[in-house]
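Below is one structure, written out as structure tokens; comments come after it.
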């Protein structure tokens, strides 16, 4: 009966000559605008890719008519979701590689690799990603021996889940000419009994990566489109790709201009002097769906591979404090150049030492009152004494809540109980500037932003562990989390004026959900399904 009433109401108003023509009208919806007051609406009209009126059904149908009308049947509508920090092209790459996520032993990895090998007989290299020794009965780095036995003549390269360690066989060691004497600044060739084990940490992986087959333009396009399809399925309309080469950005630009790639992207240019020189000469580059205005800097590695740079030694490895990927002098050289440009600095910082170093470098080149919106990516372990630097210099924390619920099983082993309390402190970071941006870091973590939502609010994993949540003083509210996935993420990209909320004049990016994130029970949040995804008023995904 309600649907019949709306149909009659729409038909009646459609006869009014004062109405303007809209491309799409959505009504009978629970619309979360995520505007400054977090107001709700029940309908909106879209014209030429933008919201032109947001309000109730009477006001929208009174002002607009359309041949395309969507009855949301009371379901929740949100702005298109952001993933502020992910690896978009990396996701496409991973979809072409051997999937090693959630493997429980080196033996299971070999089984998956053999299956991959049989399905890809043309492959010169066997390449995979997703292993994590913390998920195995013996939580130690693997060695090349098991790979050598299974693949004696074919080179193998397997990236750890976080991308900060690689595991290779003897054939790959031989091709890369890696020996016990090989040294890499910002990286490590792991040795045992004086010989390489086959594990490479951080920048040492480049010795092998440069030997991997170069993809064709067709393969690159295919990977980008595969990643887009997955993102749209999860309601992601805007993704920050953290660490991209300029050639790939040019390729993305051409696909977007051709209308082939429809997702909005915020690629952070991988730092390096050549890329800095090139981009500072070119300047900030912004189109409707591409926003190139930032550099991605790596200060340290990952906690899981003990490459995160700590102020004091690891609790479970007192012989090391981790390391920086680049010298402080080199990091400062890049920061100074970026400070004298219009570009944004976004720096990967996991350990408390890396966070302190980069926060202090930012502070040296930023004025206390600034609108540079420089970001610390991850801000994972931040000493309590350094938290206030975020607020004093308007530095944005760009965090990934699922890292907390993935790492919580072993983080205390790495850090010790007291230092672990400084980890994943999203609420304390939020309090500094009243904003925090959320991402997943996919494919390090799952793509689903609903895992992000659940982890940020309830600090639990998919099993509901731990009861009551992990370090709940770091949790955020549902409203804060939605803002971190929409308007605050848009702010972090300098896009809040045209994206990030459902308001007149903004691009019509929105999603229709099966369940409402603001009201669904905690144990149902991770399984929320996207029914439809729209970018600029165009439907780009519909669940069948």
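Numbering (full-length UniProt numbering), first residue to last: 1 to 544. Backbone N, C-alpha and C define an ideal beta-carbon position, used for all residues, glycine too. Here the structure is a predicted model, which is why all the values come from computation and not from measurement.
Within 8 Å, do at least three Cβ pairs link the segment 201-216 to the segment 122-129? yes
With a threshold of 16 other CB atoms inside 10 Å of the CB of residue 130, please say whether the residue is buried or exposed. buried
Go ahead and pull the three-state DSSP assignment for residue 527. helix
Bridge partners - residue 64, DSSP secondary structure assignment: 20
Only counting the same chain, and skipping five residues up and downstream in sequence, which positions put a Cβ closer than 6 Å to that of residue 227? 88, 91, 92
Chain-order list of residues whose beta-carbon lies under 6 Å from that of residue 150 (same chain, five-residue window excluded): 110
How would you write the range of the beta strand (DSSP E) that residue 81 sits in, first residue to last? 81-86
Counted within 10 angstroms of its Cβ, other Cβ atoms place residue 15 as buried (16 or more) or exposed: Model confidence at residue 15 stands at a pLDDT of 44, short of 50, so the residue's coordinates are unreliable; what they give is reported in the following sentence. With fewer than 16 Cβ atoms within 10 Å of its Cβ, residue 15 is classed as exposed.
Extent of the continuous alpha helix (DSSP H) run through residue 199: Unbroken run through residue 199 is the beta strand (DSSP E), 195-202; no alpha helix (DSSP H).
Please identify the residue among 509, 300, 205 whose C-alpha is closest to the C-alpha of residue 159. 205
Residue nearest to residue 223 in terms of C-alpha spacing, selected from 273, 140, 97: 97
Taking contact to mean at least 3 C-beta pairs separated by less than 8 Å, is the segment 276-288 in contact with the segment 129-149? no
Output the boundary residues of the alpha helix (DSSP H) element that contains residue 356. 352-365
What are the start and end residues of the alpha helix (DSSP H) that includes residue 585? Residue 585 falls outside the range modelled here, since the chain spans only 1 to 544, and no answer is possible.
Beta-carbon spacing of residue 28, residue 66 below 8 Å: no
Residue 504, buried or exposed, once every other Cβ within 10 Å from all chains shown has been counted against 16: exposed
Mapping the DSSP letters down to three states, classify residue 131 as helix, strand or coil. strand
Grouping DSSP H, G and I as helix and E and B as strand, with all else coil, what is residue 94? helix
Skipping 5 residues on each side, what residues in its chain have a beta carbon closer than 7 Å to that of residue 495? 291
Which residues mark the beginning and the end of the alpha helix (DSSP H) in which residue 545 is found? Only positions 1 to 544 of the chain appear in this structure, which leaves residue 545 out of reach.
Distance check for residue 136 and residue 105, CA to CA, integer angstroms please. 5 Å
Residue nearest to residue 60 in terms of C-alpha spacing, selected from 85, 78, 23: 23
In this structure, how does DSSP classify residue 4 when only helix, strand and coil are distinguished? Bear in mind that the predicted position of residue 4 carries a pLDDT of just 38, short of 50, making it too unreliable to give a figure here.
Have a look at residue 539 and residue 533 and give me their C-alpha separation to the nearest angstrom. 6 Å
Residues near residue 81 in its chain [Cβ-Cβ closer than 7 Å; skip 5 each side]: 235, 236, 237, 449, 485, 486, 511
Under 8 Å between C-beta atoms of residue 471 and residue 424: yes
Can you give me the C-alpha to C-alpha distance between residue 466 and residue 167, rounded to a whole angstrom? 32 Å
Where does residue 599 land, buried or exposed, given buried means 16+ other C-beta within 10 angstroms? An answer regarding residue 599 cannot be provided, because it is not within the stretch 1 to 544 covered by the chain.
Quick one: is residue 42 buried, meaning 16 or more other Cβ sit within 10 Å of its Cβ, or exposed? buried
Taking 7 Å as the cut-off, does the CB of residue 516 come closer than this to any heavy atom belonging to the ligand SAH? For the ligand SAH, the structure offers nothing, since it holds no ligand at all.
Please decide whether residue 51 counts as near chain D, where near means a Cβ-Cβ distance under 8 Å. Of the protein chains in this structure there is only one, and it is not chain D.
Could you give the residue range of the beta strand (DSSP E) that holds residue 398? 396-399
Pick helix, strand or coil for residue 348, following the three-state DSSP scheme. strand
Just reading off the beta strand (DSSP E) that residue 243 is part of, what are its end residues? 236-244
Residues near residue 319 in its chain [Cβ-Cβ closer than 8 Å; skip 5 each side]: 313
Buried or exposed: where does residue 12 fall if 16 or more other Cβ atoms within 10 Å of its Cβ makes it buried? Note on residue 12: pLDDT 47, under 50, position unreliable in the model; no value is reported.
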